[in-house]
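Structure first, then comments.
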Amino acid sequence: ADHAELYRMLPDGSQQTRLTFTPDAIENTPAGSPDSRWIAYARMEPDGSSHIWLTDRDGHNARPLTSGTAFDWRPTWSPDGSTVAFVSNRDGNWDIYTVRIDDGLLTRLTDDPAADLYPDRSWATNRIAFQSNRVGPNVEIFTMAPDGSDIQRLTTNPNGDAQPSWSPNGDRMVFHGTRQEQTLYTMYADGTGITPLVPQALRPSAPAWAPAGETILFTGYRPGSGHSEIFRVQSDGS
15 ADHAELYRML PDGSQQTRLT FTPDAIENTP AGSPDSRWIA YARMEPDGSS HIWLTDRDGH
75 NARPLTSGTA FDWRPTWSPD GSTVAFVSNR DGNWDIYTVR IDDGLLTRLT DDPAADLYPD
135 RSWATNRIAF QSNRVGPNVE IFTMAPDGSD IQRLTTNPNG DAQPSWSPNG DRMVFHGTRQ
195 EQTLYTMYAD GTGITPLVPQ ALRPSAPAWA PAGETILFTG YRPGSGHSEI FRVQSDGS
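Residues in the sequence shown are numbered consecutively from 15, following this note's numbering.
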C-alpha cells in the first residue's frame, strides 16, 4: 500500500498486528501511553493536513485530538498520561505544543522563528528534549521544562544533532548525529559522554529508547538491502 498504517508487535518482533485501515489517510509516529492503554499518532489527510489522533492499543475507538488545516506531527506523552506534546506549523512555523487528552485544550510551548521539532518527553524527569536550528543553520538538541521554560542547549556540532529520545530514568538519551560518522549516539542528560551506538553502514535513524531497560530501537538497512527495517540494540551497542 502507498499509505502507511500503524502496526503493533512484541519486543522480539513477533505477533505483528495491523491497527489502522485507512486507504485515504497516512498514519505514522505512534507513541504508547505510560499506562499502555492508548496510542497517540499522527494521521495525514488527503488535503495535506495532519492531526494528532488517539486509539486504544487494539486500534479501536480512534478519535482526533487536534483539528484544523495545520500539520500536527510526532506526539509524545506526559508522565501522567494527561497531555501529549507534538509539533505543529499552526502558527506559521514549526513549534511545540501540548494537547490535553480530556478536553483538547492546546498550549503552545515554544515560540521561536526557528524550527523546533522531534519532541520527546521524559517520564522520569518530565523534561522535553527537542531539536532546533535556533542557534544557527544546523539543528542541535535542547531540553526544556514541561511548560516551555528553562531551555537548555545540550549539543554543539557544526554538522547537526537530531531526533533525541530519553532513557527510561532520564539520565541519558540517544540521538542521530553527523560526527565522526553519521549514525546514532548516546549521551548523558547534560550533553557529556557522547558515544557512537551502531555502525554507519546500517544507515540508522529514528532512535527510540524503550520505556524499560537498556534497549534502543531504530530503523535502518541491512548492508545490500534496499528495505527499511526495525532493529534492536542494547544501549552499549551490543
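Built from N, CA and C at the ideal position, the CB exists for glycine as well.
As the structure is a prediction and not an experimental result, all values here were calculated from the model.
Inset, instruction - Taking the CB atoms as reference points, tell me whether Glu-19 and Arg-32 lie closer together than 8 Å. - result: For Glu-19 and Arg-32, yes; Cβs fall inside 8 Å.
Inset, instruction - Rounded to whole angstroms, what's the CA-CA distance from Leu-123 to Gly-238? Just pull it up for me. - result: Going by the C-alpha atoms only, they are around 42 Å apart.
Legend entry - DSSP beta-bridge partners of Phe-35: In the DSSP output, where bridge partners are listed per residue, Phe-35 has none listed.
Legend entry - Per DSSP, cross-strand counterpart(s) of Asp-134: The beta-bridge partner set that DSSP reports for Asp-134 consists of Ala-143.
Inset, instruction - Provide the residue span of the beta strand (DSSP E) that contains Leu-68, from first to last. - result: It spans 64-70 - the beta strand (DSSP E) in which Leu-68 sits, taken as one unbroken run.
Inset, instruction - Measure the alpha-carbon distance for Asp-117 versus Thr-80 and round it to whole angstroms. - result: Each residue's alpha carbon lies about 10 Å from the other.
Legend entry - Per DSSP, cross-strand counterpart(s) of Gly-238: None; Gly-238 has no bridge partner.
Legend entry - Start and end residues, beta strand (DSSP E) containing Glu-154: Where Glu-154 is concerned, the enclosing beta strand (DSSP E) starts and stops at 154-158.
Legend entry - Length of the line joining the Cα atoms of Glu-195 and Gln-214: Their backbone Cα atoms lie some 6 Å apart in a straight line.
Inset, instruction - Take the Cβ of Ser-163 as the centre, count every other Cβ of all protein chains shown within 10 Å, and call the residue buried at 16 or more, exposed below. - result: Ser-163 counts as exposed, since fewer than 16 other C-beta atoms from the protein chains shown sit within 10 angstroms of its C-beta.
Inset, instruction - Let me know if Val-247 comes out buried or exposed under the rule of 16 or more other beta-carbons within 10 Å of its beta-carbon. - result: Val-247 should be labelled buried.
Inset, instruction - Measuring alpha carbon to alpha carbon, tell me which of Glu-59, Ala-128, Tyr-132 ends up nearest Ala-220. - result: For the options Glu-59, Ala-128, Tyr-132, the alpha carbon positioned closest to that of Ala-220 is the one of Tyr-132.
Inset, instruction - Look up Ala-226 in the DSSP assignment and say whether it is helix, strand or coil. - result: Coil, per DSSP.
Inset, instruction - To the nearest angstrom, report how far apart Ala-274 and Glu-243 are at their CA atoms. - result: Beyond the ends of the chain as shown, which are 15 and 252, falls residue 274; an answer cannot be given.
Legend entry - Cβ pair Ala-138, Gly-184 closer than 8 Å: The criterion of a C-beta distance shorter than 8 Å is satisfied by Ala-138 and Gly-184.
Inset, instruction - Over the uninterrupted beta strand (DSSP E) stretch that includes Asn-42, give me the two end residues. - result: Asn-42 -> beta strand (DSSP E) spans 40-46.
Legend entry - Contacting residues, own chain, Cβ-Cβ under 6 Å from Tyr-21 (five flanking each side not counted): For Tyr-21, where only same-chain residues beyond five positions count, the Cβ hits under 6 Å are Gln-30, Arg-32.
Inset, instruction - Helix, strand or coil for Gln-214, going by three-state DSSP, please let me know. - result: Helix.
Inset, instruction - On a CA-only basis, which of Asp-49, Ser-96, Pro-178 is nearest Val-113? Give me that one, please. - result: It is Ser-96.
Legend entry - Contacting residues, own chain, Cβ-Cβ under 7 Å from Asp-70 (five flanking each side not counted): Excluding the 5 residues flanking it on each side, Asp-70 has same chain C-beta neighbours closer than 7 Å at Arg-51, Trp-52, in chain order.
Inset, instruction - Let me know if Pro-172 comes out buried or exposed under the rule of 16 or more other beta-carbons within 10 Å of its beta-carbon. - result: Classification of Pro-172: exposed, given that the 10 Å Cβ count is below 16.
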